[in-house]
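Chemist: Structure provided below as structure tokens; questions to follow.
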Amino acid sequence: MTHNPVLRVMAKLMIPFILLFALYVQFHGDFGPGGGFQAGVIFGAGLILYGLVFGVETALKVFSPTILRIGIAVGVLLYATVGLAGIALNGKYLNYNVLAHDPVHGQHLGILLVELGVFITVASVMMTIFFAFAGRKS
Amino acid sequence: MAEFVDFILLGFLAVVALAMTRLRNLFAVAMLSGIYSLLSAVLFVVLDAVDVAFTEAAVGAGITTVLMIGTLALTGTEEKISGRHTMIPLLIVLFTGAALIYGTLDMPAFEDPQAPVHQHVAPKYLRDTPIETGVPNVVTAVLASYRGYDTLGETTVIFTAGLGVIILLGLGQRKPGGTA
Amino acid sequence: MWAFGLYNYWIVIVLMMAGFYMVIAHGNLVKKIIGLNVFQTSVFILYISMGKVGGGTAPIISEGFTRYSNPLPHVLILTAIVVGVATAALGLALAVRIKEAYGTIEEDEIVKADTLS
């Protein structure tokens, strides 16, 4: 597949928009359909497309195995840390009301950070799974 | 109109699922499972679950199908005809299905607003979410805030599954063609 | 109304049994995992069907709408889908390793190879 010019050109055109759309889904998730799970999967799918068309080795140069491994852990840790921040600010675990002066702002901040954690983990895991399977082939 | 679309889509789903049980070419089965996921994503839109439809379309029709085909490239695409009996599994399946259909007879009708599932916490979430969190998308609010513990657990499951795949298959360490 | 009141649930059971049959009647491990996926999706449809309210709309609060479908099943299933693909990938990874170790993913042949050794 790596030598098909139609696929290469179309993938080059589409991948930036797929990644941008993933970020839109991520940060617009409070107001419309979307959130960390969907955005992570779409972001992962965009880079999986890159890996399919340009080869897994090229894709692994963009997101190296080390970055992916760190990403998998950082997402969960970010989620858990937001919970601990609630305790540190005299609240309860995963209660976002205390994160800002105003409970509603605190909820906004908490949801944003938690969804970001979900996004990082889901996107990294999806890419990892694909690269692990595809890297086995050659 | 929505009921009609629902009716047709569910019929398609049943046909696709039954075709998948019959086919022996695993490549065709993987493609049908992609179609199955896409159909269920459309069905979720009809049933008002836009967030779920979004996820199912990206995961089921996209990533799962790619993974299935990636696996088939490594394991072979033709299922062998095994000498095992098919009558006993068929009887078990028919019996279980009949028991489950008998169980559904007590369920509230589809779309019934008075069903018990709509009476407990759902009205509270729908009423309080805009006031307490200022987030209009109730699904996001419940996912990340009210049910934050659940989602933390789910994220940990995904983390663990990712680790498991790295342990089983390795990632970027082995030389190509090398075995374990 | 009543004639189709339980139609969704009946189709869900048909899908569920199709998946169940794939798991118990086939010896191929990848086919078994696909069967589990079919089963899983049927459960998703069961939950989402229960959450639907007649005349309701998607649970995104906005002016001009008062009746929304139940958001709770949506939350449960949303996370379940992503967890489902992660666990399916784990199962497929195991199938790949079994293929490398035994040279086959047919259950009968694996059992035979185990009893011979």
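Residue numbers (the working numbering), protein chains in the order written: chain A, 881 to 1018; chain B, 24 to 203; chain C, 3 to 119.
The beta-carbon is built from N, C-alpha and C at its ideal position, and this holds for glycine as well.
Just so you know, these numbers come straight off a predicted model, no measurement behind them.
Would residue 192 of chain B and residue 10 of chain C be called neighbours here (beta carbons separated by less than 8 Å)?
Modeler: No, Cβ-Cβ distance for residue 192 of chain B and residue 10 of chain C is not below 8 Å.
Chemist: Quick check: is the beta carbon of residue 894 of chain A nearer than 8 Å to any beta carbon in chain B?
Modeler: So no, residue 894 of chain A is outside the interface.
Chemist: For the stretch 99-168 of chain B, which segments carrying the beta strand (DSSP E) assignment without a break, of at least 3 residues, lie completely within its bounds, in sequence order?
Modeler: DSSP runs (the beta strand (DSSP E)) wholly in the stretch 99-168 of chain B: none.
Chemist: Using a Cβ-Cβ cut-off of less than 9 Å, list which residues of the stretch 149-177 of chain B approach chain A; keep chain order.
Modeler: Those residues of the stretch 149-177 of chain B that come within reach of chain A (Cβ to Cβ, closer than 9 Å) are 154, 155, 156, 157, 158, 159, 160, 162, 163, 164, 166, 167, 168, 171, 172, 174, 175 and 177.
Chemist: To the nearest angstrom, how far is it from the Cα of residue 922 of chain A to the Cα of residue 144 of chain B?
Modeler: Each residue's Cα considered, the two are about 31 Å apart.
Chemist: Suppose you measure from the CA of residue 927 of chain A to the CA of residue 13 of chain C; what does that come to, to the nearest Å?
Modeler: Computed Cα separation, rounded: 36 Å.
Chemist: For residue 973 of chain A, which three-state DSSP category applies?
Modeler: If DSSP states are grouped into helix, strand and coil, residue 973 of chain A belongs with coil.
Chemist: Residue 967 of chain A and residue 185 of chain B - do their beta-carbons sit closer together than 8 Å?
Modeler: No, the pair does not count as a contact, with Cβ atoms beyond the cut-off.
Chemist: Measuring only the C-alpha atoms, how far is residue 79 of chain C from residue 884 of chain A?
Modeler: Approximately 38 Å, taken between the alpha carbons.
Chemist: Taking 8 Å as the CB-CB limit, is residue 140 of chain B close to chain C?
Modeler: So yes, residue 140 of chain B belongs to the interface.
Chemist: Within 10 angstroms of the Cβ of residue 106 of chain C, are there 16 or more other Cβ atoms? Answer buried if so, exposed if not.
Modeler: Answer is buried; the Cβ neighbour count reaches 16.
Chemist: Check residue 112 of chain C in the structure and name its three-state DSSP category.
Modeler: In this structure, residue 112 of chain C counts as helix in the three-state DSSP scheme.
Chemist: For residue 1016 of chain A, go through chain C and note every residue whose CB falls closer than 8 Å to its CB, in chain order.
Modeler: Ordered by position in chain C, the residues that pass the 8 Å Cβ test against residue 1016 of chain A are 98.
Chemist: List the DSSP bridge partners of residue 70 of chain C.
Modeler: In the DSSP output, where bridge partners are listed per residue, residue 70 of chain C has C:59.
Chemist: Under 6 Å Cβ to Cβ from residue 104 of chain C, same chain only, skipping five residues before and after it: list those, please.
Modeler: So the list reads 112 and 115, once near-sequence residues are dropped.
Chemist: Measure from the C-beta of residue 107 of chain C to each C-beta in chain A and report whether the shortest distance is under 8 Å.
Modeler: Chain A contact via Cβ: absent.
Chemist: Is the Cβ of residue 115 of chain B closer than 8 Å to any Cβ of chain C?
Modeler: So yes, residue 115 of chain B belongs to the interface.
Chemist: Measuring straight from C-alpha to C-alpha, what distance separates residue 160 of chain B and residue 154 of chain B?
Modeler: Approximately 12 Å, taken between the alpha carbons.
Chemist: Cβ atoms of residue 35 of chain C and residue 86 of chain C: under 8 Å apart, would you say?
Modeler: Result no, Cβ atoms of residue 86 of chain C and residue 35 of chain C do not sit closer than 8 Å.
Chemist: Taking C-beta pairs closer than 7 Å, name the residues in chain B that residue 906 of chain A reaches, listed in chain order.
Modeler: Ordered by position in chain B, no residue passes the 7 Å Cβ test against residue 906 of chain A, which lies about 11 Å from the chain.
Chemist: Quick check on residue 55 of chain B: buried or exposed, where buried means 16 or more other Cβ atoms within 10 Å of its Cβ?
Modeler: It is buried - the Cβ of residue 55 of chain B has at least 16 other Cβ atoms within 10 Å.
Chemist: From residue 166 of chain B to residue 174 of chain B, what distance separates their C-alpha atoms?
Modeler: Cα to Cα, residue 166 of chain B sits roughly 6 Å from residue 174 of chain B.
Chemist: Verify the CB distance criterion: does residue 933 of chain A have a CB-CB separation below 8 Å to chain C?
Modeler: It does not: the Cβ of residue 933 of chain A has no partner Cβ on chain C nearer than 8 Å.
Chemist: Near residue 201 of chain B, what residues of its chain come up, given a Cβ to Cβ distance below 6 Å and the 5 sequence neighbours on each side ignored?
Modeler: Caution is warranted here: a pLDDT of 45 is assigned to residue 201 of chain B, below 50, making its placement in the model unreliable, and the coordinate value is therefore given only provisionally. So no residue of the chain qualifies.
Chemist: Quick check: the Cα distance between residue 82 of chain C and residue 107 of chain B, rounded to an integer number of angstroms?
Modeler: Spanning the two alpha carbons is a distance of roughly 33 Å.
Chemist: Closest to residue 190 of chain B by CA distance: which of C:57, C:119, C:51 and C:95 is it?
Modeler: Taking only the C-alpha atoms, the option nearest residue 190 of chain B is C:95.
Chemist: Spell out whether any CB of chain C is found under 8 Å from the CB atom of residue 132 of chain B.
Modeler: Interface residue, yes.
Chemist: Given that residue 943 of chain A touches chain C, what residues does it touch there, using C-beta distances under 9 Å?
Modeler: Under the 9 Å cutoff, chain C gives no residues; its nearest Cβ is about 17 Å from residue 943 of chain A.
Chemist: Tell me, which residues are paired with residue 30 of chain C by DSSP?
Modeler: Per DSSP, C:108.
Chemist: Does the Cβ of residue 91 of chain B have 16 or more other Cβ atoms within 10 Å, making it buried, or fewer, making it exposed?
Modeler: Result: buried.
Chemist: Among C:65, C:74 and C:61, which has the Cα closest to the Cα of residue 46 of chain C?
Modeler: With distances taken between Cα atoms, residue 46 of chain C lies closest to C:74.
Chemist: In whole angstroms, what separates the C-alpha of residue 1010 of chain A from that of residue 75 of chain B?
Modeler: Cα to Cα, the separation comes out at about 22 Å.
Chemist: Is there a Cβ of chain C sitting closer than 8 Å to that of residue 120 of chain B, yes or no?
Modeler: Chain C, which has a Cβ nearer than 8 Å to the Cβ of residue 120 of chain B, makes this yes.
Chemist: Thinking C-alpha only, which one of C:72, C:118 and C:119 is nearest residue 49 of chain C?
Modeler: The option with the nearest alpha carbon to residue 49 of chain C is C:72.
Chemist: Indicate the three-state DSSP secondary structure (helix, strand or coil) for residue 884 of chain A in the structure shown.
Modeler: Coil at residue 884 of chain A, not helix or strand.
Chemist: Taking CB distances under 8 Å as the criterion, tell me whether residue 952 of chain A reaches chain B.
Modeler: Taking Cβ atoms only, chain B reaches closer than 8 Å to residue 952 of chain A, which makes this a yes.
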